[in-house]
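Take a look at the structure below.
Numbering (the UniProt record's numbering), first residue to last: 1 to 379.
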């Protein structure tokens, strides 16, 4: 019988390989379609960096993991090589797949997802890059500073880019971009593990797509520089753990979950904060690691039961198969790869309880079976 980890690896490989294989060969523009509601020439400026940054942000913890053996170690080695070759193609001036970091606002978003990947795999990616590729990468990230992000979750994209520059030892990293983003987000905290997306609350998954994973990892990176940031990190991790509990409660016995708000075509990427809480051992007391594994596995299986890929293996817009009308105007093929964020726990070793503990039923499976349950409390 296939283990949960083997199923996750198989699914991750099926989603990520068409992107990284093509990009590592300098053929992503040639191979990946550009689907969406806006004209192709508009989204073609951005969709390739979207696909790359978002694929990498979910893949990175597994690339960073040491001590694997056997077939998984061989697969990891192949992906490490593809990832470094893809980075070379993405940042090298004049390369066939050189990516746009300089024009339009969308690259601020996906430069941040790529930066997040590098923070999640500093040894396997950032420190493994040849010196010239590293210099080109940092220059590309700096190029995003010429545009002003909207005053909402986008401030965390700028902060994430600066956090990566800090981690890379760049003397020109900007602490003000970091400080503004984190302070405003704490001003926008609404309670019970939810932040506003800007001053207003939005009933969607952006607390998990962006806000809480990035807030925690930005603060983890720079906390040593400032006592206030260290205190903010403690609060952010408490809020993130509670939000992860909320996400676990949304997964129904069959793996279905509420499709709410914008960007639903990111599919199970909506569970990023639950996946990150498992990766970073932040799960609240009532959520056992094996319980989170079983819940996430069932959600992945529920989505993957549909035909979500085109004939060349690239994702189609939708949640349950091809549903092109579910994509907002800013959604294109590359956007969809934020679904990769669900695979963060592959960065835990196979012996970790998340993978090794016996199967455990998740909250809604026990609830709708009529098991004895405890009442819930606000944070």
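Heads up, the beta-carbon is just placed ideally off N, CA and C, and yes, glycines get one too.
Hey, could you find the ends of the beta strand (DSSP E) residue 191 is sitting in? 189–191
Can you tell me which of 53, 97, 342, 88 puts its alpha carbon nearest to the alpha carbon of residue 270? 342
Tell me the rounded alpha-carbon separation between residue 249 and residue 130. 44 Å
With 16 as the cutoff for other CB atoms within 10 Å, does residue 113 come out buried or exposed? buried
Output the residue ranges of the beta strand (DSSP E) runs that lie fully inside the stretch 336–375 and measure 3 residues or longer, sorted by chain position. none
Sequence-distant residues of its chain with Cβ nearer than 8 Å to residue 291 (five each side left out): 248, 360, 361, 362, 363
Measuring only the C-alpha atoms, how far is residue 21 from residue 82? 7 Å
Closest by CA to residue 347, which one among 41, 120, 40? 120
Is it a yes or a no for the stretch 362–377 touching the stretch 88–96, going by three-plus beta-carbon pairs under 8 Å? no
Beta-bridge partners of residue 315, as assigned by DSSP: 309
If distances are taken between C-alpha atoms only, which option among 379, 251, 182 comes closest to residue 152? 182
Taking residue 161 and residue 141 to be in contact with their CB atoms under 8 Å, please state how far apart those CB atoms are, rounded to whole angstroms. 5 Å
Selection from 289, 369, 227 that minimises the alpha carbon distance to residue 463: The structure shown does not extend to residue 463, since the chain is modelled only from 1 to 379, so the question has no answer here.
Going by Cα to Cα distance, which pick from 8, 37, 193 is closest to residue 328? 37
For residue 2, count the other beta carbons within 10 Å of its own beta carbon; 16 or more makes it buried, fewer makes it exposed. Which is it? exposed
Which of the three DSSP states, helix, strand or coil, is assigned to residue 332? strand
With a floor of 3 residues, list each beta strand (DSSP E) that falls wholly inside the stretch 162–216, ordered by position along the chain. 189–191
Checking the sheet assignment: what are the DSSP bridge partners for residue 36? 332
Determine, using beta carbons only, whether residue 171 and residue 225 come nearer to each other than 8 Å. no
Residue 230 - DSSP class collapsed to helix/strand/coil: helix
Within 8 Å, strictly: CB atoms of residue 108 and residue 339: no
Taking 8 Å as the threshold, find out whether the stretch 213–222 comes into contact with the stretch 234–245 through three or more Cβ pairs. yes
Which of helix, strand or coil does DSSP assign to residue 159? helix
Would you check if the stretch 279–289 and the stretch 254–267 touch, i.e. whether three or more CB-CB distances between them fall below 8 Å? no
Chain-order list of residues whose beta-carbon lies under 8 Å from that of residue 366 (same chain, five-residue window excluded): 373
Return the first residue and the last residue of the alpha helix (DSSP H) that residue 391 is part of. Not covered by the structure: residue 391. The range shown for the chain is 1 to 379.
For residue 132, does the count of other Cβ atoms within 10 angstroms reach 16, so buried, or fall short, so exposed? exposed
In whole angstroms, what is the alpha-carbon distance linking residue 32 and residue 324? 16 Å
Span of the alpha helix (DSSP H) holding residue 52? 47–64
Alpha-carbon to alpha-carbon, residue 7 and residue 345: 13 Å
Under DSSP, the alpha helix (DSSP H) around residue 21 begins and ends at which residues? 4–24
Hey, quick one: how far does the alpha helix (DSSP H) through residue 274 stretch, first residue to last? 272–279
From residue 50 to residue 57, what does the alpha carbon distance come to, in whole angstroms? 11 Å
Tell me whether residue 44 sits in a helix, a strand or coil according to DSSP, three-state version. coil
At which residue ranges does the stretch 97–145 contain complete alpha helix (DSSP H) runs of 4 or more residues, listed in the order of the chain? 106–120, 131–142
What do you get for residue 208, buried or exposed, if any count of 16 or more other CB atoms within 10 angstroms of its CB means buried? buried
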